[in-house]
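Chemist:
Residue numbers (this note's numbering): 277 to 855.
1. What is the DSSP secondary structure of residue 496, counted as helix, strand or coil?
2. Consult DSSP for residue 753 and reduce its assignment to one of helix, strand or coil.
3. Alpha carbon to alpha carbon, how far is residue 306 from residue 603? Give it in angstroms, no decimals.
4. Helix or strand or just coil, what does DSSP make of residue 291?
5. Within 10 angstroms of the Cβ of residue 443, are there 16 or more other Cβ atoms? Answer buried if so, exposed if not.
6. Are residue 574 and residue 610 touching if we call contact CB-CB under 8 Å?
7. Skipping 5 residues on each side, what residues in its chain have a beta carbon closer than 7 Å to that of residue 395?
8. Would you tell me roughly how many angstroms separate the C-alpha atoms of residue 509 and residue 344, rounded to the nearest one?
9. In terms of residue numbering, what span does the alpha helix (DSSP H) encompassing residue 467 cover?
10. Quick check on DSSP: helix, strand or coil for residue 773?
11. Just verifying my parser: in three-state terms, what is the DSSP assignment at residue 806?
12. Roughly how many whole angstroms lie between the Cα atoms of residue 454 and residue 472?
13. In terms of residues, what are the limits of the beta strand (DSSP E) holding residue 425?
14. Do you know how far the Cα of residue 625 is from the Cα of residue 561?
15. Mark residue 785 as exposed unless 16 or more other C-beta atoms lie within 10 angstroms of its C-beta, in which case mark it buried.
16. Note down the Cα distance separating residue 803 from residue 519, rounded to an integer number of angstroms.
17. Alpha carbon to alpha carbon, how far is residue 648 from residue 391? Give it in angstroms, no decimals.
18. Once DSSP output is grouped into helix, strand and coil, what is the label at residue 389?
19. Give the straight-line distance between the Cα atoms of residue 364 and residue 324, rounded to the nearest whole angstrom.
20. Can you name, in chain order, every residue of its own chain whose Cβ lies under 8 Å from the Cβ of residue 651, other than the five neighbours on each side?
21. Drop a sphere of 10 angstroms on the beta-carbon of residue 721, count the other beta-carbons inside from all chains shown, and report buried for 16 or more, exposed for fewer.
22. DSSP on residue 267, reduced to helix/strand/coil?
23. With a CB to CB cut of under 7 Å and the five nearest residues on each side skipped, what residues in its chain are close to residue 763?
24. With DSSP run on the structure shown, which of helix, strand or coil describes residue 847?
25. Suppose contacts are defined by Cβ-Cβ distances below 8 Å. Is residue 308 in contact with residue 397 by that definition?
26. Here's a check: name, in chain order, each residue in its chain whose Cβ is nearer than 6 Å to the Cβ of residue 598, leaving out the five neighbours to either side.
27. Going straight from the alpha carbon of residue 612 to that of residue 571, what length do you get?
28. Helix, strand or coil, according to DSSP, for residue 748 in the structure here?
29. Looking at C-alpha atoms only, which residue of 540, 439 and 303 is the closest neighbour of residue 468?
30. Identify the residues that DSSP records as bridge partners of residue 334: which are they?
31. On the three-state DSSP scale, how would you describe residue 852?
32. Who are residue 453's beta bridge partners in DSSP?
33. Taking residue 326 as the reference, which of 337, 606, 334 and 296 has the closest Cα?
34. Indicate whether residue 523 and residue 449 have their beta-carbon atoms separated by less than 8 Å.
35. Evaluate the contact criterion for the stretch 585 to 599 versus the stretch 530 to 548: three or more CB pairs, one atom per stretch, below 8 Å.
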C-alpha cells in the first residue's frame, strides 16, 4: 500500500511539472485562398523561475512556403495569487504558399531544462493559386508589404515606432506602390513620421528587393494585447490597379502603475506647463484679457488632455483656441501646444487665474510627476484707477478728442483733427512705398530701353540681304528661341518651395518650347531629329530623361533629393540641346 501511495505522488508531481511548460503552434485559419498569407503563431509559456529555455524554436520543414516576414516578443509577469514568475514568448511567421492542396505543418521543438517539448502537427488547405498578371513587362513577381515594430512591449499611451517596407523580386515594381494608408482603430492613435522612400536594398530577404516606404508612431490608448491593423497601399500599372495589405502586429500594452495623482488623465512622456498673459494693456475689470496655457515637451502631446483654466467667481473664462507646433521626436511627438483663453475679471484687485491640476507619467523613470496647479496673478484695475494711471499727454489727447468730437461745425470738420491714441510712425509703410516707386522707375527705364532697341531693329531690317532657305530657317529658329535659363530658375524656385505639381507643368512647357525651336511636334519626332543632327547618345539621354520624368511625376511620395537630381539632369541635357 505504501508503494502505491509513493507511485501516485510521483505521478502527480510529474503531471504538475509537465504543466509548467506550455508550447503551442497555431495558424490564423485552416483554409486559405491563392492570395492569402499563412500566419503562424508560436507561444511558449514557462510558469516558474527555475525553468530555462536552452534552445530556440526549431521550426518544421517549411520548404513548401516562402517566408515573407517574422517577429517575436517576450513578456514576463508575476502572478499575484501564487507569486509565480510567468514568462511568455510569442513568435509570428508570415508564409506564402508555393502550391495548392493540403499541406502538413510539422512540429516545433524547444528544449527546456534538458527536456524536449514539441507541438502537434496539423494541416492547412490551400485553394487554387490564381496566376496573377505581371506588374511590369516580362515579370511574374508579386509585391508585399511588411510592417515591422521592434518594441512591442510598451505602456499605455507610450509610442512605438513602426516601419513599413515593401518587398518584391523585381525592383521596378517598388516604384508602382502608391496611396499608402496608415491603420486606423479606436484603441490606437497613429501619427506619421515621414513618407520618404529609402534606397532600394537588392537582397534584403533572400532574392527579394526591399525599400522602406514610411515610418509612423503608434500610441495604444488601452492596456492588454492590442493588434495594430495592416497598412494598405495600391500597386498601379497602366492596365490595372491592385490593393495590397501588410501584416498585423500585436502589442503587449502594459497598464500604467497604480497611485496616479488626482491631476493625471492620459499624459505620458515628459512635459512642462506654463501660463501667461499676452495682453499688452493694463488689465482692467470687466474688460477681456488674453491668457495662454502652454504645454511643452515630448510624448503623446497631440492626444493628451490639456489642463484647463479652473472656474472661479473672480473671473469669467471662455472656450480656448488651440494652436500647436509639433514634430516627431525620438520618444514621441515633441513641441508645444498653446490654449488661448479669453478671461474677463469680474472685480478689481489681485486675481489669481489658476489651471486645473496636471500630472503625467514618465515611462523612462516609471513614475508619475505631479505638476500641481499653475497660476497667474493679475492686478485688475477699476476704470477710475485706469484713468488715474494715465500720463499727462494721454489725458490731454483724450480731452482734445472729446472736445473735437462734441464741438463739430459745418464750416470746419474738426473731427478730422482727432488725435489717435499711441500713434507711431510706421517705417514698414514708408519702406514699402519707396520700394514701389523704385520698381516703377526701373520698369520705366526698361521700357524706354526696349523701345530704343525695337526702333534700331526696325531701321536695320530692310538693310539685310535675303539669304538661303536654311539661313532663313535658322533665323526664324533664333527668333523663336526662348531663354531656357529663365525656365531653370523658375524650376529651381518651385523645387525649393516643394510645389511639385507646378514643377512638372512648367517642365512640360519647357520641353514644348525646345521642340518648337526645331519645328518638332511630338517627343518621338524630336528624338528622331536629335539622332540625325545631335547624335544618338544625346537622343538616348533625352528618351531616358522623359521616362524618368514620368516616373517621378506619378510617384506617390516625392522626395526633395529625387527632384533635385532630376533638375540637374534637365539643366545639363536641355543646355546641350539648345546650343
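Where is the CB? At the ideal position from N, CA and C, for every residue including glycine.
Modeler: The relevant details are as follows:
1. strand
2. Note on residue 753: pLDDT 49, under 50, position unreliable in the model; the coordinate value appears next. In this structure, residue 753 counts as helix in the three-state DSSP scheme.
3. 44 Å
4. At residue 291, the pLDDT of 44 sits below 50, so the modelled position is not reliable and the matter cannot be decided from this model.
5. buried
6. yes
7. 299, 300, 301, 383 and 384
8. 17 Å
9. Where residue 467 is concerned, there is no enclosing alpha helix (DSSP H), although the beta strand (DSSP E) it sits in stretches over 464 to 470.
10. coil
11. helix
12. 12 Å
13. 419 to 425
14. 8 Å
15. exposed
16. 36 Å
17. 56 Å
18. coil
19. 11 Å
20. 551, 628, 629, 630 and 631
21. exposed
22. Residue coverage of the chain in this structure runs from 277 to 855, which leaves residue 267 outside it and unanswerable.
23. 782 and 786
24. helix
25. no
26. 615
27. 6 Å
28. Its pLDDT being 46, under 50, residue 748 is placed unreliably by the model, and the measurement read from it follows with that caveat. Note: residue 748 maps to helix in three-state DSSP.
29. 439
30. 385
31. helix
32. 511
33. 296
34. no
35. no
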